[in-house]
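Which chain is which? The protein sequence lines are A and B, in order. Letter by letter, the first sequence follows residues 170 to 402 in my numbering. Letter by letter, the second sequence follows residues 170 to 402 in my numbering. In this text, a Cβ means the ideal position worked out from N, Cα and C, and glycines have one as well. As the structure is a prediction and not an experimental result, all values here were calculated from the model. Beneath this line is the structure, given in structure tokens, with notes to follow.
There are 2 protein chains.
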Amino acid sequence: MSSTGIGSRTSTEGDDERPLRRDAELNRQRIIEAAREVFAERGLAATFDEVAHRAGVGIGTVYRRFPTKEALLAVAFEERLREHARMAEEALAAPTGWEALVHFLRQAAGMHAEDRGLRDLALGASAELGFSPHERIRDSVEPIMRRIIERAHEEGSLRADVTVEDIPLLLMMVSEVAHHSHAVRPEAYHRYLQLLIDGLRRSSKSGNLGAPMTPDDVEAMARQWLPTTLPRR
Amino acid sequence: MSSTGIGSRTSTEGDDERPLRRDAELNRQRIIEAAREVFAERGLAATFDEVAHRAGVGIGTVYRRFPTKEALLAVAFEERLREHARMAEEALAAPTGWEALVHFLRQAAGMHAEDRGLRDLALGASAELGFSPHERIRDSVEPIMRRIIERAHEEGSLRADVTVEDIPLLLMMVSEVAHHSHAVRPEAYHRYLQLLIDGLRRSSKSGNLGAPMTPDDVEAMARQWLPTTLPRR
DNA sequence: TCCGAAGCGGAGGACATACCTCAACTTATG
DNA sequence: CATAAGTTGAGGTATGTCCTCCGCTTCGGA
Chain A
170 MSSTGIGSRT STEGDDERPL RRDAELNRQR IIEAAREVFA ERGLAATFDE
220 VAHRAGVGIG TVYRRFPTKE ALLAVAFEER LREHARMAEE ALAAPTGWEA
270 LVHFLRQAAG MHAEDRGLRD LALGASAELG FSPHERIRDS VEPIMRRIIE
320 RAHEEGSLRA DVTVEDIPLL LMMVSEVAHH SHAVRPEAYH RYLQLLIDGL
370 RRSSKSGNLG APMTPDDVEA MARQWLPTTL PRR
Chain B
170 MSSTGIGSRT STEGDDERPL RRDAELNRQR IIEAAREVFA ERGLAATFDE
220 VAHRAGVGIG TVYRRFPTKE ALLAVAFEER LREHARMAEE ALAAPTGWEA
270 LVHFLRQAAG MHAEDRGLRD LALGASAELG FSPHERIRDS VEPIMRRIIE
320 RAHEEGSLRA DVTVEDIPLL LMMVSEVAHH SHAVRPEAYH RYLQLLIDGL
370 RRSSKSGNLG APMTPDDVEA MARQWLPTTL PRR
């Protein structure tokens, strides 16, 4: 609801654009706000028509301001993506690797449950759109995950056969539950995340996990699993 | 590939139909075979056009033989559904409840990974189509799952806070992985199923699962998660 | 106050996908 | 070989998304 801090797009670009007319700037903010809501609810697959309708403007206006979906996403998600990265670093500060891991998983799952668009970006197709100042999110979060996993392995708290590549997959499974249970039992995903967390804990009797995923495997799965922002063409 | 045992639809119905012409019966078998393949690959969302094309017949022929999707599904999946139920009973025969549970989960996950249509039917919308002799699949498998869970709880091998309602959810998560990894790493889902299984095992340190799912919750999630066979109307 | 540039809206064209029908044609079989 | 049974696939209906374009409205500087 609070429409503060949306950031009128002054400077930050090649920038030879004159400032928008007052009414136009207002509409722009409305569009951004609407985009956040719509993408949060329906994921990146949401359409421009939905955003326009929610913002109470014509479709043409949305297109005029954001000629491509990427342009809109970049602005709408800038802040959320930063939060996501910040959260990961926070997790790293936990006293033990295990706590860091659990904290990260729970936070990420929570964020992805609340904002389906963020999930799509964080786990998926973000590769395809060059995000403004920051690189694509996976590049910023992945090294952190890697360090967390390493620490947990050193402690011996995390079962040895788990790798960083598993993390995105776990989050996809959980966010899938979150998404489909949202209307009925929005917290349902906690349950299955906890089950997975308990499965990750080192224990005397745990089964064989088989060959680990490679980064390419994960990439391919994400591409197939999550919506591809860009319309085919 | 073997096209044996498809069962020409003699008797078994109100039945006043005369036998099909030889060429028609052949086409019918082709269609059923094609339907099995297509539904296995693409799930219940597959279209009549796909089936027709795969069978090498015109769309009109498919419609003539199977006026509704349900009619086609009923025939195409009769055997697979029976297998599914048989498998569940087999699991029940395991020496311990825990082994029964693990066996059931692995078998079900495997079947759902191989046949996406079966998954859709087993976990989802089967409610909507009244399946020929057998009731909808969930009704036949659910009591078995329930007994397995009970036994495992009595033994104390399964953590106490897990319920039957969790089983379909676990299978959905896993089959989602199976589906999206199919082209790259078809066995990937084993890994995540194992993680879940290890999370299900009773252990000194396992986290709090929160409120269990109710049958209605599961119903609602399944409805939202899995394709609704029937076109809207 | 006024007017030109900036902005707006949303009908509608282009395209894709799915469902399902039907009239013209082909084929098995008594 | 006559005829009922069967086949075909183009095309009508419906739905949904993308995106453009042009007539109209509004802002804001002169």
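Check: Cβ contact check for the stretch 307–319 of chain B and the stretch 266–286 of chain B: 3 or more pairs under 8 Å; Outcome: yes
Check: Contact between the stretch 366–381 of chain B and the stretch 340–352 of chain A (3+ Cβ pairs under 8 Å); Outcome: no
Check: ARG370(B) - DSSP class collapsed to helix/strand/coil; Outcome: strand
Check: Contact belief for ASP289(A) with LEU395(A) at Cβ below 8 Å, rounded distance in angstroms; Outcome: 5 Å
Check: 8 Å contact criterion, which GLY266(A) and ALA329(A) should meet: CB distance rounded; Outcome: About 13 Å separates the two Cβ atoms, so there is no contact after all.
Check: Interface flag, LEU242(B) vs chain A, CB-CB below 7 Å; Outcome: no
Check: 8 Å contact criterion, which LEU338(A) and TYR361(B) should meet: CB distance rounded; Outcome: 6 Å
Check: Nearest-angstrom beta carbon gap, LEU369(B) and VAL331(B) [assumed within contact, 8 Å]; Outcome: 6 Å
Check: Any C-beta of chain A under 7 Å from that of VAL226(B); Outcome: no
Check: Distance between LEU340(B) and ALA277(B) (C-alpha atoms, nearest Å); Outcome: 8 Å
Check: Coarse secondary structure for LEU292(A), derived from DSSP in three states; Outcome: helix
Check: Reference ASP367(A); option with closest CA among GLU268(A), GLY229(A), GLY212(A); Outcome: GLU268(A)
Check: ALA291(B), buried or exposed, once every other Cβ within 10 Å from all chains shown has been counted against 16; Outcome: buried
Check: Nearest to VAL353(A) (by Cα), restricted to the options ASP385(B), TYR358(B), ARG223(B), GLN363(B); Outcome: ASP385(B)
Check: Sequence-distant residues of its chain with Cβ nearer than 8 Å to GLU210(A) (five each side left out); Outcome: ARG285
Check: Alpha helix (DSSP H) segments (min. 4 residues) lying fully within the stretch 313–370 of chain A; Outcome: 335–350, 357–369
Check: Residues, ordered as in the chain, of the stretch 260–278 of chain A that lie near chain B by beta-carbon distance below 9 Å; Outcome: VAL271
Check: Min CB distance ALA390(A) to chain B below 7 Å; Outcome: Rather than Ala, the amino acid found at residue 390(A) in this sequence is Met. It does; some Cβ of chain B falls within 7 Å.
Check: Cα-Cα separation between SER301(A) and ALA282(A), rounded to whole angstroms; Outcome: A caution first: SER301(A) carries a pLDDT of 41, below 50, which makes its placement in the model unreliable, though a value can still be read off. The alpha-carbon atoms of SER301(A) and ALA282(A) are separated by roughly 24 Å.
Check: Host alpha helix (DSSP H) of ALA127(A) (start-end); Outcome: Since the displayed chain A opens at 170 and closes at 402, residue 127(A) lies outside it and no answer follows.
Check: Any chain A beta carbon closer than 7 Å to MET314(B); Outcome: no
Check: Under 8 Å from the C-beta of MET382(B): neighbouring residues of chain A; Outcome: ARG354, ALA357, ARG360
Check: Whether ARG443(B) touches VAL207(B) by CB criterion (7 Å); Outcome: Outside the displayed span of chain B (170 to 402) sits residue 443(B), for which this structure offers no information.
Check: As assigned by DSSP and simplified to three states, the class of PRO384(A); Outcome: helix
Check: Proximal chain B residues relative to MET342(A), where beta-carbon distance stays under 7 Å; Outcome: MET342, GLU345, VAL346, TYR361
Check: Distance between GLU194(A) and GLU186(A) (C-alpha atoms, nearest Å); Outcome: 13 Å
Check: Residue closest to ALA257(A), alpha-carbon to alpha-carbon, out of VAL310(A), HIS359(A), PRO381(A), ALA221(A); Outcome: VAL310(A)
Check: Reference ILE201(A); option with closest CA among PRO355(A), ARG190(A), ALA240(A), TYR358(A); Outcome: ALA240(A)
Check: Spatial neighbours of ASP335(B) in its chain, beta-carbon cut-off 7 Å, leaving aside the 5 residues before and after; Outcome: MET382
Check: Alpha-carbon spacing of GLU388(A) relative to ARG191(A), whole angstroms; Outcome: 43 Å
Check: Under the three-state DSSP convention, the category THR230(A) falls into; Outcome: helix
Check: Counted within 10 angstroms of its Cβ, other Cβ atoms place MET390(A) as buried (16 or more) or exposed; Outcome: buried
Check: Assigned secondary structure, TRP394(B) (DSSP; H/G/I helix, E/B strand, else coil); Outcome: helix
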